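Trainee: So the protein sequences, as listed, match chains A and B. Under my numbering, the first sequence has 11 at position 11, and the numbering climbs by one with no breaks. Under my numbering, the second sequence has 136 at position 136, and the numbering climbs by one with no breaks. A virtual CB, placed ideally from N, CA and C, is assigned to each residue, including glycine. Model, not experiment: these values are computed from the prediction. My structure is below; once you've seen it, I'll send some questions.
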Amino acid sequence: MRAAIELRGVWHTYPGSRRWALEGVDLEIREGRILAVVGPNGSGKTTMLKLAGTLYRPTRGTVRLWGSDFWASDGSQRLRLRRLVVYVHEKPVLVRGTALHNVAYGLLLRGYPPEEALERARSVMERMGVAGLASRERGQLSAGEAQLVSILRAVAAEPRVLLLDEPTAHLDLEKRRRLASLLRELRDRGMGVVVATHDYLLARRVADEAVVLEEGRIRVRGPPGRVLEV
Amino acid sequence: MPGEALEIAARSLAISGTATLLSSTWSIVLAYMLARSPRASRLLVPFLEALVGIPTVLVGLLLYLLLSSQGPLGMFRLLYTPKAIVVGQAILITPLITSVAYRVLTHSWSMYGELALALGAAERQAARLVFSESLPGLAAAVVMGFSRAFGELGVALMVGGNIRGYTRVITTAIALEVSRGEFGLALSLGAMLVAILVLVSLTLRFLGRLRER
Ligand SMILES: Nc1ncnc2c1ncn2[C@@H]1O[C@H](COP(=O)(O)OP(=O)(O)OP(=O)(O)O)[C@@H](O)[C@H]1O
Ligand SMILES: [Mg+2]
């Protein structure tokens with residue numbers, strides 16, 4: 001099966017920084033699979049996910065989305081490809097408005113009629129058991145609630161690949177369990193999922209494959225049972 | 001004198017208000033372009049920040065040289081007109097509005113611009129979100145610009161000429177009253193100037209609150 005997203009020989013450095021955040025990373029992300037990315041703080045997990053999500057342009061190397069070299073594509077092609085992949089920030093950022101509006105936001109950006117977007121957003125919130133938050137303004141959400149809203153906003157947009165950066169940092173145990181089941185359901189429906197996390201329990205619960213990053217390099221990759229030893 | 005004071009205040013408001021609107025349009029566009037191109041901003045932003053406190057008489061002098069009858073723009077006959085003050089003040093506050101707006105938009109882009117792109121926005125949709133989330137900060141930049149324009153003396157004096165009933169504004173009126181020894185009158189004009197500044201700032205804040213709802 002062809003990879004949905006492919007990083008080839010990717011090196012990345014931040015403007016003004018002298019260090020490489022990533023050093024020669026090769027990675028394949030597939031639809032219908034859950035990939036866990038683990039590694040110490042500063043090892044490059046966020047950087048790698050943002051590169052896969054086309055938010056950063058690699059300093060060196062190529063990022064292919066469904067076979068196309070993203071950064072060599074023209075504007076309309078880039079937009080089309082970008083809409084197939086959604087990245088969720090580790091620190092949730094919500095736009096002005098209610099939680100429901102936030103969950104619908106990705107659909108609104110894609111040009112869905114507002115009523116349909118809100119309808120879908122509501123059903124995604126119900127699926128996660130948080131429909132009660134729908135009418136809360138962004139300033140009235142706890143850290144965990146905001147994180148859930150930002151995850152559900154990505155899920156509602158129905159990308160073909162979902163990139164989650166530390167999605168359980170603020171979630172209670174029950175929500176973690178529900179998130180794990182949601183991710184498995186999405187995978188079974190054919191979505192590709194990447195989870196960068198320090199939550200080994202979540203990683204072992206859901207992942208089909210895992211990679212360990214250290215100092216900007218992929219050190220180990222393989223089945224989660226072997227890679228994610230505590 | 002109260003009638004004349006009101007007329008002067010109205011003229012000051014019109015002149016500095018126009019200068020601020022004019023300057024805001026180009027300053028905010030420039031700030032957005034800088035926020036989107038790190039390389040250009042690394043060169044230009046320190047330069048703009050250094051010019052935030054440029055002396056008003058220096059801007060007045062340069063504009064005077066441009067607009068005087070022997071100057072390169074002399075044929076437009078703008079010297080000693082309200083338009084000349086508008087142009088001078090608009091230039092004067094450009095570094096201030098641009099550099100503050102640049103900070104606001106850079107911060108906003110790193111949060112909301114990136115968020116929008118992550119969710120599949122087109123560049124234009126991302127820009128719309130960034131501007132909408134930046135409005136309070138941009139409003140603050142505009143108020144600061146207005147405050148500097150409204151309270152400046154050098155430009156108004158040098159290219160306006162303090163002509164009674166035509167280019168006299170609050171600050172040039174204050175300077176005139178001081179030179180005449182009319183300190184009481186000068187002080188009350190000063191109080192009026194500050195009152196107007198506070199009122200303008202509060203009004204914008206109030207409008208911002210209405211929008212948050
Ligand atoms: N905006 C930035 N500017 C400069 N350097 C950065 C920036 N963001 C990250 N880095 C550097 O890049 C490297 C990788 O950072 P990254 O955020 O990808 O790590 P991470 O694995 O996600 O860490 P964490 O587990 O703490 O989230 C680190 O050395 C970090 O210092
Ligand atoms: Mg991280």
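Going by Cα to Cα distance, which pick from A:Gly42, A:Leu81 and A:Ala36 is closest to A:Leu55?
Mentor: Here the closest residue by C-alpha is A:Leu81.
Trainee: Name all residues in chain order for which at least one heavy atom of ligand 1 lies closer than 5 Å to the residue's CB.
Mentor: Residues with a Cβ closer than 5 Å to any heavy atom of ligand 1, in chain order: A:Tyr14, A:Ser17, A:Ala21, A:Asn41, A:Gly42, A:Ser43, A:Gly44, A:Lys45, A:Thr46 and A:Thr47.
Trainee: Excluding the 5 residues preceding and the 5 following B:Ala40 in the sequence, name in chain order all residues of the same chain whose CB lies nearer than 8 Å to its CB.
Mentor: Only Met33 and Leu34 meet the Cβ criterion.
Trainee: Measuring only from the beta carbon, is A:Glu119 closer than 6 Å to any heavy atom that is part of ligand 2?
Mentor: Not under cutoff, so the answer is no.
Trainee: Between A:Arg82 and chain B, is the shortest Cβ-Cβ distance under 7 Å, so that the two count as touching?
Mentor: Yes, its Cβ sits closer than 7 Å to a Cβ of chain B.
Trainee: Determine the chain A residues that contact B:Gln125 at a beta-carbon separation under 8 Å, and present them in chain order.
Mentor: Those within 8 Å of B:Gln125 in chain A are Leu109.
Trainee: Can you check whether the C-beta of B:Pro46 is within less than 7 Å of a C-beta belonging to chain A?
Mentor: No, because no Cβ of chain A sits closer than 7 Å to the Cβ of B:Pro46.
Trainee: Just to confirm my understanding: we take B:Ala19, look at its own chain, exclude 5 residues before and 5 after, and list those with CB closer than 6 Å. What are they?
Mentor: Val86, Gln89, Ala90 and Ala149.
Trainee: Using 8 Å for Cβ pairs, my map puts A:Gly61 next to A:Arg8. What's the rounded Cβ distance?
Mentor: So it is a contact: roughly 6 Å between Cβ atoms.
Trainee: Residues bridged to A:Val18 by DSSP?
Mentor: According to the sequence as given, residue 18 of chain A is Arg; it is not Val. In the DSSP output, where bridge partners are listed per residue, A:Arg18 has none listed.
Trainee: For A:Leu171 versus A:Gly144, is the C-beta distance shorter than 7 Å?
Mentor: Cβ atoms of A:Leu171 and A:Gly144: closer than 7 Å.
Trainee: What separation, rounded to the nearest whole angstrom, lies between the Cα atoms of B:Leu43 and B:Arg128?
Mentor: Spanning the two alpha carbons is a distance of roughly 26 Å.
Trainee: So within the stretch 81-164 of chain A, which uninterrupted alpha helix (DSSP H) runs reach at least 4 residues, ignoring any that extend past its ends?
Mentor: Entirely contained in the stretch 81-164 of chain A, the alpha helix (DSSP H) runs reaching 4 residues are, in chain order, 99-109, 114-127 and 143-156.
Trainee: Whose CA, out of B:Leu210, B:Leu207, B:Met192 and B:Thr94, lies closest to the CA of B:Leu22?
Mentor: The option with the nearest alpha carbon to B:Leu22 is B:Thr94.
Trainee: What separation, rounded to the nearest whole angstrom, lies between the Cα atoms of A:Met48 and A:Ala210?
Mentor: The straight-line gap from Cα to Cα measures roughly 14 Å.
Trainee: Could you tell me the alpha carbon to alpha carbon distance between B:Glu182 and B:Ala173, rounded to whole angstroms?
Mentor: Distance between the alpha carbons of B:Glu182 and B:Ala173 is about 11 Å.
Trainee: Does the beta carbon of B:Pro136 sit closer than 7 Å to a beta carbon anywhere in chain A?
Mentor: No, B:Pro136 does not count as interfacial toward chain A.
Trainee: Would you report the Cα separation of B:Val29 and B:Glu123, rounded to the nearest angstrom?
Mentor: Roughly 15 Å separates the two Cα atoms.
Trainee: Where does A:Ala72 land, buried or exposed, given buried means 16+ other C-beta within 10 angstroms?
Mentor: Classification for A:Ala72: exposed.
Trainee: For B:Ala14, count neighbouring Cβ atoms within 10 angstroms of its own Cβ and tell me buried if that reaches 16, exposed if not.
Mentor: Exposed: under 16 other Cβ atoms inside 10 Å.
Trainee: Work out the CA separation of B:Val52 and B:Met158 for me, nearest whole Å.
Mentor: Approximately 20 Å between the Cα atoms of the pair.
Trainee: Closer than 8 Å is the cut-off here; do at least three beta carbon pairs connect the stretch 98-113 of chain B with the stretch 47-66 of chain B?
Mentor: Verdict: yes, contact present.
Trainee: Just mark B:Ala191 as buried or exposed, buried being the case when its beta carbon has 16 or more other beta carbons within 10 Å.
Mentor: By the 10 Å Cβ count, B:Ala191 comes out exposed.
Trainee: Please list the residues of the stretch 9-37 of chain A that have a C-beta atom closer than 7 Å to any C-beta atom in chain B, keeping them in chain order.
Mentor: Listed by position along the chain: Pro15.
Trainee: Take the Cβ of A:Arg19 as the centre, count every other Cβ of all protein chains shown within 10 Å, and call the residue buried at 16 or more, exposed below.
Mentor: It is exposed - the Cβ of A:Arg19 has fewer than 16 other Cβ atoms within 10 Å.
Trainee: Considering just the uninterrupted stretch of the alpha helix (DSSP H) at B:Arg128, what are its terminal residues?
Mentor: Per DSSP, B:Arg128 belongs to the alpha helix (DSSP H) from Glu123 to Phe150.
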